[in-house]
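Chains as they are written, first to last, in the numbering used here: chain A, 807 to 1161; chain B, 3 to 308; chain C, 55 to 347.
Quick notes on the structure that follows.
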Amino acid sequence: MMETPALPVPEARSVIPAGLRGIFPVLVALVLLALFQWLVSESPFAVYLLSVMGVNIILAVSLNIVNGMTGQFSIGHAGFMAVGAYISGVLSLNLKEVALSFLPVAASDQVLFTVALLVGGLAAAACGFLVGLPSLRLRGDYLAIVTLGFGEIIRVVVQNTNAFGRALGLSGIPQYSSPYMVYFWVFLVVLVARRIAGSSHGRSLWAIREDEVAAEAMGVDTTGYKVRSFVISSFFAGIAGGLFAHFVPIINPGSFTFVKSMEIVVMVVLGGLGSTTGAIVAAILLTLLPEGMRSLFNALGTEGSLAQKVDQIRMPIYGLLLVVLMLSRPQGLFGVRELWDVLPRWIPRKRRGLS
Amino acid sequence: MAQLLQHLINGLAAGTIYALVALGYTMVYGVLKLINFAHGDVMMVGVYMGYATAFALGREARNSLLGVALIFAVAMLGCALLGFLIERFAYRPLREKPRLTALITAIGISFALSYGFQLDIGFLPGASPRAFPEVIEPKEWIVIGDRDVVVWNWQVISFLIAVALMVALQYLVFRTRFGRAMRAVSWDHRVAALMGIPTDRVIALTFMLGSALAAGAGLLYAIKDTSVSPLMGLYVGLKAFVAAVIGGIGHVPGAVVGALVLGLVEEFVVGYAASTWRDAVAFGFLILVLLVKPGGLFGRVAAEKV
Amino acid sequence: MSAAVSVTGGAQAPLLQADGVSIQFGGLKALTDFSLTIRQGDLLGLIGPNGAGKSTAFNVLTGVYQPTRGDVHVGGQRVNGLKPHQINHLGLARTFQNIRLFRALTALDNVKVACRAQGALHPHVLGVGAKMKNALGNYRDWWRALLLTPGFQAEERELTRQAEHLLEVMGLSHRRDEEARNLPYGEQRRLEIARALGTKPKVLLLDEPAAGMNTREKADLMVLIRKLRDDFQLGVLVIEHDMKLVMGICEHITVLDHGETIARGAPAQVRSDRKVIEAYLGDSYLESHGGAA
Ligand SMILES: Nc1ncnc2c1ncn2[C@@H]1O[C@H](COP(=O)(O)OP(=O)(O)OP(=O)(O)O)[C@@H](O)[C@H]1O
Ligand SMILES: [Mg+2]
Chain A
807 MMETPALPVP
817 EARSVIPAGL
827 RGIFPVLVAL
837 VLLALFQWLV
847 SESPFAVYLL
857 SVMGVNIILA
867 VSLNIVNGMT
877 GQFSIGHAGF
887 MAVGAYISGV
897 LSLNLKEVAL
907 SFLPVAASDQ
917 VLFTVALLVG
927 GLAAAACGFL
937 VGLPSLRLRG
947 DYLAIVTLGF
957 GEIIRVVVQN
967 TNAFGRALGL
977 SGIPQYSSPY
987 MVYFWVFLVV
997 LVARRIAGSS
1007 HGRSLWAIRE
1017 DEVAAEAMGV
1027 DTTGYKVRSF
1037 VISSFFAGIA
1047 GGLFAHFVPI
1057 INPGSFTFVK
1067 SMEIVVMVVL
1077 GGLGSTTGAI
1087 VAAILLTLLP
1097 EGMRSLFNAL
1107 GTEGSLAQKV
1117 DQIRMPIYGL
1127 LLVVLMLSRP
1137 QGLFGVRELW
1147 DVLPRWIPRK
1157 RRGLS
Chain B
3 MAQLLQHLIN
13 GLAAGTIYAL
23 VALGYTMVYG
33 VLKLINFAHG
43 DVMMVGVYMG
53 YATAFALGRE
63 ARNSLLGVAL
73 IFAVAMLGCA
83 LLGFLIERFA
93 YRPLREKPRL
103 TALITAIGIS
113 FALSYGFQLD
123 IGFLPGASPR
133 AFPEVIEPKE
143 WIVIGDRDVV
153 VWNWQVISFL
163 IAVALMVALQ
173 YLVFRTRFGR
183 AMRAVSWDHR
193 VAALMGIPTD
203 RVIALTFMLG
213 SALAAGAGLL
223 YAIKDTSVSP
233 LMGLYVGLKA
243 FVAAVIGGIG
253 HVPGAVVGAL
263 VLGLVEEFVV
273 GYAASTWRDA
283 VAFGFLILVL
293 LVKPGGLFGR
303 VAAEKV
Chain C
55 MSAAVSVTGG
65 AQAPLLQADG
75 VSIQFGGLKA
85 LTDFSLTIRQ
95 GDLLGLIGPN
105 GAGKSTAFNV
115 LTGVYQPTRG
125 DVHVGGQRVN
135 GLKPHQINHL
145 GLARTFQNIR
155 LFRALTALDN
165 VKVACRAQGA
175 LHPHVLGVGA
185 KMKNALGNYR
195 DWWRALLLTP
205 GFQAEERELT
215 RQAEHLLEVM
225 GLSHRRDEEA
235 RNLPYGEQRR
245 LEIARALGTK
255 PKVLLLDEPA
265 AGMNTREKAD
275 LMVLIRKLRD
285 DFQLGVLVIE
295 HDMKLVMGIC
305 EHITVLDHGE
315 TIARGAPAQV
325 RSDRKVIEAY
335 LGDSYLESHG
345 GAA
């Protein structure tokens, strides 16, 4: 219908050759992997810390898809994490004795683990769909409250279900997880987030964030896109929960409260709503800072109380951080830009725009 | 039958308290279109102010009528001041910014207050709940049959206080100059400003009013529960918020009806199912209502002007 | 509604048809018994004093508001109850009086959003089976985006090409990578039109496209609008306050006042209508323009 003259197609002005763009992230990941190998030497604490950090990155990056790119505001991400953790945890507990005889034991464990993770992720995604469908039709601030309520409902359900260990929690979940598995999923979630951001789907999400009425008028199925972004986001929250459940000694409802949700929200807001690398940087910062302070106090030999206080003080500080950020720098560290957009000039950068 | 009656009474008593808190959410939402997430936590701070006053007064004084009045006055005035400060320094600078900005700020304040109060540094009370002194000595006022139905004095008193405050509010909003200004700001604060209404002052006063109401409600709640804790604001606040949304946020009588309904629903769940499910029910009920009537029971989903 | 059926007469089927559409906000009758037909090649005007209900008429036609009474048909299909994006897929696009661009997106991305949404993956389907297929197609499409398949990359290039073409048509090529919010006002209005064209509409509704422009820019824009109608084979409905301008380019004009249609017809006919002079041109207009009517 529309006559478009055959203009020469301008290549996207990217520093990466077109043929390589599809697998570029894999190359980056391989380099990082080598680095990693060196880092995870012997220390169990380093392994634990790296795992926690990875889980937080997954949570922050996935929440950013909803809160940052789509401009909705979910504050119940820990609820989806809980669903993933409990479902995959219970699955692994029950399949503990099972082994796939045609595989070596370690491989068999990892296969079962992956299955459990996926089931947990899908369960979380299904919850995301159920929560999203009614609430995403409503105004944004209703979504906040409904997601919060959802988190509470999950907590109450867990506390009332024997299979989930009630308030005591689940222990004895096989410790299948390793930093490699965690960062494999970190890699996946970052890849998904970035690829979405650069695709027409991402543009539709950005459009919804900018002006929902206009997006709808321009043919964007806003409800559909919002639900889909919610589903993808909760899937990865579920995966993060599953990973978490397989490297901590015990999971209980206390691990997935409003506090955890807020921690993730703070990461996303601090990094800059809409910036994937921002979410990563903030997640790393907010994981390492408290740990660093704790170790510092311990090393200084102050009595345990001060080190314990770190955890206590963290929460009100997060709250104040949100207020101060909103008043002074609402765009967070990076705004909607990515790390490479804010790097010094001599480093080659991608073209402007969101993709 | 008697049991049913007892649950009805308890439910209504709880509902009136939620209603007072819910009114604060609804009023602020009315003038600013902002869900003031910190409202419940302001209430919690008020309760601690009342708690401190009660202790300062000592056992004798706090059980006198004057003492109780003083406790309420300190809590309500203190909260009004807190509400004023929050509005002035956190919300006002963001009034013309995207709504999300103010919402995040509100969440931040809520978090800072509820977890700040859990620290045991300086004058802060620490995380564990404390027993709230018996400022109103519990008495059974109405007893039917062999203690089949019991109505406590504090139930009646809090019901009366709540109703009186609501009537006063209704009068204020619909019969006074200030109320008219409030409604004008609610309709469109930019236009209201052009018409010479001092919007800043109206909004600030609305905040103070809502916060004072919340403090009153919080004290009633603490008396009923005989305890205070830093997290009570989060929980009571959330329930009250749910009540406001169920009634249709921004709608004053709606908030009251929503709160009464929620109080009853919770009471019946506790009475006939299990108390452990109570906290989930409010939210389940909320989602249900929103599914059927997205604007709440009385509110309409206003078509955004395009 | 016989009046609605044959205004311009042609043998072509109407692209858009409103029959006796009314909407109320509380007690306010914002639009009463509004009827209108748009065919391909039409260039119609909608005028009326402030608050007459013109923008409301747009909102009802595009599904932003639901009419209390009356029917709207787009491309022969009844669209009451459909969502705005579905109506857009049927070939109806619009601009907004108070510019609503995606402010943080570049000019190019603004148009690409629109180009994409109306792509092959959103067939004009409303049945259940077709809906399922559509949903599956959507998910398959996400995978293609994740894996950056060659097909996906080609599609992306095609979108870019289309969007660049539209920017060029609207004279905005030099703003390609500029964020929409940084464009001057007049260019923002043009970008809105480019974006609307991106959805490949059959009917284009323009809400005061020339607002805030000077006389010269306005005249240029009107010429451009006429050209768009011809090049893209559209039916166009324009809201515009400047009487001279509307009279100059529109072949047929509908006049609203207080939600009521008080006159309709050729410019000359409308201009001499008593009710129009009273209601719209009214006192102030006659005073300031010295009876230009
Ligand atoms: N969502 C709404 N809720 C309540 N009233 C509305 C709504 N939308 C429009 N109105 C009212 O409907 C009437 C018609 O408004 P509309 O915007 O259609 O006028 P208009 O003809 O476009 O005027 P203008 O030339 O100023 O743009 C006005 O009185 C307006 O206030
Ligand atoms: Mg208008």
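Note that CB positions come from ideal geometry on N, CA and C, so glycine has one too.
Task: Enclosing beta strand (DSSP E) for HIS312 (chain C) [first to last residue] - done: Looking at the DSSP string, HIS312 (chain C) is not in any beta strand (DSSP E), and its letter there is neither H nor E.
Task: Of the listed residues B:TRP279, B:ALA276, B:ALA282, B:VAL259, nearest to GLY301 (chain B) (C-alpha basis) - done: B:VAL259
Open item on the list: Just to confirm my understanding: we take MET276 (chain C), look at its own chain, exclude 5 residues before and 5 after, and list those with CB closer than 8 Å. What are they?
Closed with: ALA264, LEU299, GLY302, ILE303
TODO: Compute the minimum distance between the beta carbon of ALA276 (chain B) and the heavy atoms of ligand 1, and state whether it is under 7 Å.
DONE: no
- [ ] Can you have a look at HIS139 (chain C) and say buried or exposed, based on whether 16 or more other CB atoms are within 10 angstroms of its CB?
- [x] buried
Open item on the list: Considering just the uninterrupted stretch of the beta strand (DSSP E) at LEU237 (chain C), what are its terminal residues?
Closed with: From DSSP, LEU237 (chain C) is part of no beta strand (DSSP E); its letter is neither H nor E.
- [ ] Identify the continuous alpha helix (DSSP H) that holds PHE161 (chain B) and give its terminal residues.
- [x] 155 to 177
TODO: Would you decide whether ASP1017 (chain A) is buried or exposed? Buried here means 16 or more other CB atoms lie within 10 Å of its CB.
DONE: buried
Open item on the list: By the three-class DSSP mapping on this structure, what secondary structure does THR1083 (chain A) have?
Closed with: helix
TODO: Can you check the segment 79 to 114 of chain C for any beta strand (DSSP E) of at least 3 residues that lies completely inside it and give the ranges in chain order?
DONE: 82 to 92, 97 to 101
Task: Amino acids of chain A, ordered along the chain, whose beta-carbon sits closer than 8 Å to that of THR253 (chain C) - done: MET1024, GLY1025
TODO: Since I believe MET1099 (chain A) is in contact with LEU1049 (chain A) (beta carbons under 8 Å), could you give me their beta-carbon distance rounded to a whole number of angstroms?
DONE: Actually they do not touch by this definition, with Cβ atoms about 25 Å apart.
- [ ] Can you check DSSP and say which residues form a bridge with LEU258 (chain C)?
- [x] C:ALA147, C:VAL290
Open item on the list: ligand 1 and LYS108 (chain C): does any heavy atom of the ligand fall closer than 7 Å to the residue's C-beta?
Closed with: yes
- [ ] Flag ASP261 (chain C) as yes when its Cβ comes closer than 7 Å to any non-hydrogen atom of ligand 2, and as no otherwise.
- [x] yes
Task: Contacting residues, own chain, Cβ-Cβ under 6 Å from LEU1092 (chain A) (five flanking each side not counted) - done: MET1073
Open item on the list: Using beta carbons (cut-off 8 Å, strictly below), is GLU958 (chain A) in contact with chain B?
Closed with: yes
TODO: Could you name the residues of the same chain whose beta carbon sits closer than 8 Å to that of ALA973 (chain A), not counting the 5 residues immediately before and after it, in chain order?
DONE: GLN965, ASN1058, PRO1059
Task: Any C-beta of chain A under 8 Å from that of LEU200 (chain C) - done: yes
- [ ] Would you list, in chain order, the members of the segment 226 to 242 of chain B that have their beta-carbon closer than 8 Å to a beta-carbon of chain A?
- [x] LEU236, LEU240
- [ ] Quick one: list the residues of chain A neighbouring THR28 (chain B), beta-carbon separation under 8 Å, in chain order.
- [x] Result: empty, since nearest Cβ-Cβ is about 13 Å, beyond 8 Å.
TODO: For VAL1037 (chain A), return the contacting residues in chain B, with the cut-off set at a CB-CB distance below 9 Å.
DONE: The contacting residues do not exist; VAL1037 (chain A) stays about 17 Å from chain B at best.
TODO: Flag ALA72 (chain C) as yes if its beta-carbon sits less than 8 Å from any beta-carbon of chain A, otherwise no.
DONE: no
- [ ] Between the Cα of GLU332 (chain C) and those of C:GLY81, C:GLY102, C:GLY95, C:GLY74, spot the shortest distance and give me the residue it belongs to.
- [x] C:GLY102
- [ ] Starting from the N-terminal side, write out each stretch of the alpha helix (DSSP H) that is 4 residues or longer and does not extend beyond the segment 836 to 922 of chain A.
- [x] 850 to 870, 883 to 900
Task: Reduced DSSP secondary structure (H/G/I, E/B, other) of SER984 (chain A) - done: coil
Open item on the list: Does VAL996 (chain A) come out as helix, strand or coil in the three-state DSSP assignment?
Closed with: helix
Open item on the list: Can you tell me whether GLN120 (chain C) sits near ligand 1, meaning its C-beta is under 7 Å from at least one heavy atom of the ligand?
Closed with: no
Open item on the list: Would you say LEU226 (chain C) lies against chain A (beta-carbon separation less than 8 Å)?
Closed with: no
- [ ] Report the residue from B:GLY252, B:LEU68, B:LEU171 whose alpha carbon sits nearest the alpha carbon of THR55 (chain B).
- [x] B:LEU68
TODO: Return yes when at least one heavy atom of ligand 1 lies under 7 Å from the C-beta of ALA84 (chain C), else no.
DONE: yes
- [ ] Tell me, please, whether the CB atom of LEU836 (chain A) is closer than 8 Å to any CB atom in chain B?
- [x] no
Open item on the list: Please give the ranges of any alpha helix (DSSP H) in the segment 18 to 102 of chain B, keeping only runs that are unbroken, at least 4 residues long and fully inside the region.
Closed with: 41 to 64, 67 to 88
Task: beta-carbon GLY252 (chain B) near ligand 1 non-hydrogen atom, thresh 7 Å - done: no
Task: For ALA71 (chain B), the nearest candidate out of B:ALA217, B:ILE11, B:LYS141 (CA to CA) - done: B:ALA217
Open item on the list: Quick check: the Cα distance between LEU155 (chain C) and ALA1020 (chain A), rounded to an integer number of angstroms?
Closed with: 7 Å
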